[in-house]
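If you use the working numbering, the sequence shown corresponds to residues 6 to 510, in order. Even for Gly, the Cβ is constructed at its ideal location relative to N, Cα and C. Accompanying notes for the structure given below.
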Amino acid sequence: MGSLAADVSSLVRADLLAWSLGACVGLLVLLALEHWRVVRSRQHLAKRLQAANSQLEDLRGRDVLTGLMTRADFERSLDEAVLACNRDGASLAVLYVGLDNFRSLNEAYGHTVGDAVLAQAADRLRTALGVQLALARLGGDEYVLLLAATDDEAADAAEQLLRELHRPYGVDALSLRLGASVGIAIYPDHGARPRLLGCAAVAMRSVKQLGGGGHAFYDPALAVDERDKAELLQALRRAVEQGQLQLVYQPKVDAQSLQITAAEALLRWEHPQRGTIGPAVFVPLAERHGLMGPIGHWVINEACRQAAQWRGLGLRMRVAVNISGHQMRQDDLVQHIAAALQRHGIPAGRLTCEITESVAMEDTAHTRATFERLRQLGVHVSIDDFGTGHSSLASLRRLPAAELKIDRAFVTDLGQSERARSIGKALVDVARTLDLRVVAEGVETTEQRDVLVALGCDELQGYLFARPMTATALALWAERDEPHDGAPSDFRASLFDPTATMPLD
Ligand code: C2E
Ligand code: MG
Ligand code: MG
């Protein structure tokens, strides 16, 4: 019995041993399998990482929209090209290309159309010359090319690019046209490597300021202007915040009776150091840098406030404000005008909005809708600087405007030149055909006045009658009954009377 027990016990031990061994082997196999799985998945992960990395590598330095280089890679190419240039004494040209009025196109047709135009422009730049060392999109509507070229060759290349970029862009059923501006900086003539891109950009902006659609080389004088402008812009921001802007007022008079029909509000900036700065200097700057919104709102409100104050004194002429391109593009313009009129208790028929012909023609569909809403509100719309834009009779006919203001350029020569008189007559005829009132601006001499009266102008405005003056000066002058800068003395009565030609509220 004892040996049986011993046998059984040794058998059990042997089984246990075998089972343990088996379990160990199984465990080892499992561990090996797990290790193999981990290794495999690591290898897989590494492969995927590698693929992603190379994709990233491809994408890095590429602009997603156009597939062109971005600034960082362009700068690297420029570094290499400059080194090569220093070795063999050749010259390099950086061509900075900006599309003209792209922002308006983007706003009018939307970003999808805008993006398609940017991509097409990139394709044209890629193929137009075929010999560039590098080509990048720097963001927005700006591109830059690097060429191994002398200044003559660079100028030819710029003109070729301009021709290509000027061709219509087809997006869906649309055929869109855009101009472009090209600024050129030559290495080594225009400065050291770090300044090249900046110099080309300055040159490009100088072309834009002259209306775009051309090329210009960098000129050191331009950089001073740019610095000056940057300082002026800073000061303008402060001026808006600190209330250094003012309105002065210039009367429009009835051509027959010489009674005042309206006072046009004109912006002035009282700069603490530079003195008075005119709108021709700072309005375009404000437009470009997003300041025209707050300035335009202030003008509308201030002119309405002033109109209310004058009405309190018994002065009953209408008030005119100038509306900028930026304001015209804002959807809330009409709402804003309505609110200002209501705030100061001014009837809408007492306000005229002057919009320059070129702005009115920028986006005729949008302009027409805004003009229509202004008309419904009861505000008069005047087309300013008429004759300087490119409006067709057909597009003018569709605009619900009340008045055309013949630009000063056409008035200046009226006294001496027969040709100027013919043009003046044609402009008055256009207004008559469209059933619009005609105002001539910039009238300085009695000869000009006589011709304009004979041509049939309804209203006149200019230094002959009155220069722009402060609101207080206008009221004081009216009270004292003193002629202001040669203005006829029967102004005074007219200030307190309703004008015959424009019905008052
Ligand atoms: P505009 O609306 O056509 O105004 C007429 C400009 O000619 C004014 O210049 C006025 O002072 C000047 N002027 C008037 N009569 C005569 C004259 O007999 N001879 C000469 N040589 N000039 C005369 P200003 O005030 O410098 O304004 C220039 C332009 O700036 C204005 O042209 C208008 O387009 C713009 N502007 C003025 N104020 C504003 C404003 O509040 N908002 C906007 N968006 N633009 C404004
Ligand atoms: Mg005006
Ligand atoms: Mg004008």
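* Let me know if GLU62 comes out buried or exposed under the rule of 16 or more other beta-carbons within 10 Å of its beta-carbon. => Caution is warranted here: a pLDDT of 42 is assigned to GLU62, below 50, making its placement in the model unreliable, and no coordinate value can be reported.
* To do: Count the other C-beta atoms from every protein chain shown that fall within 10 angstroms of the C-beta of ARG168, then say buried if there are 16 or more, exposed otherwise.
  => Its Cβ having fewer than 16 others within 10 Å, ARG168 is exposed.
* Using alpha carbons as the reference points, say which of LEU469, PHE222, THR132, ALA407 lies closest to ASP440. => ALA407
* Taking the DSSP output, what are the residues bridged to LEU151? -> VAL99, ALA139
* Asked: HIS385: buried (16+ other C-beta within 10 angstroms of its C-beta) or exposed?
  -> Buried.
* Asked: Got a sec? Which residues, its chain only, sit under 6 Å from TYR101 by beta carbon, not counting five neighbours each side?
  -> VAL149, GLY188, ALA205, ALA206, MET209
* Cβ of LYS410 within 8 Å of any heavy atom in ligand 3? -> Yes, Cβ of LYS410 sits closer than 8 Å to a heavy atom of ligand 3.
* To do: Compute the Euclidean distance between the alpha carbons of THR450 and LEU138, then round it to the nearest angstrom.
  => 60 Å
* To do: Locate the beta strand (DSSP E) running through ALA3, then write down its first and last residues.
  => Residue 3 lies beyond the range of the chain shown here (6 to 510); nothing can be said about it.
* Same chain, Cβ closer than 6 Å to HIS331, five either side skipped, listed in chain order -> Here the set comprises GLU292, MET297.
* Secondary structure at LEU134, three-state DSSP: helix, strand or coil? -> coil
* **CB contact below 9 Å: SER422 versus chain B** => Of the chains in the structure shown, none is chain B; there is only one protein chain.
* Are ASP146 and ALA126 closer than 9 Å when you measure CB to CB? -> yes
* Cβ atoms of VAL444 and SER387: under 9 Å apart, would you say? -> Here SER387 is near VAL444, since their CB atoms are less than 9 Å apart.
* To do: Say whether the stretch 93 to 109 touches the stretch 171 to 189, bearing in mind that this needs 3 or more beta-carbon pairs closer than 8 Å, one atom from each stretch.
  => yes
* Asked: For ligand 3, is there a heavy atom less than 8 Å away from the beta-carbon of ARG413?
  -> Yes - ligand 3 has a heavy atom lying nearer than 8 Å to the Cβ of ARG413.
* Asked: With C-beta atoms as the reference, is VAL326 less than 9 Å away from THR357?
  -> yes
* Quick one: is GLN311 buried, meaning 16 or more other Cβ sit within 10 Å of its Cβ, or exposed? -> buried
* **beta strand (DSSP E) segments (min. 3 residues) lying fully within the stretch 221 to 259** => 250 to 259
* Per-residue DSSP class, three states only, for GLU62 -> Reliability of the predicted coordinates at GLU62 is poor, the pLDDT of 42 falling under 50, and the value obtained from them is presented with this limitation in mind. The answer is helix: DSSP assigns GLU62 an H, G or I state.
* To do: Using alpha carbons as the reference points, say which of THR477, GLN255, ALA285 lies closest to LEU469.
  => GLN255
* Quick one: what's got a C-beta closer than 6 Å to ALA414's C-beta in the same chain, skipping five residues either side? -> none
* **Where GLU446 falls, given that 16 or more other Cβ within 10 Å makes a residue buried** => buried
* Asked: Under the three-state reduction of DSSP, which class applies to ILE351: helix, strand or coil?
  -> coil
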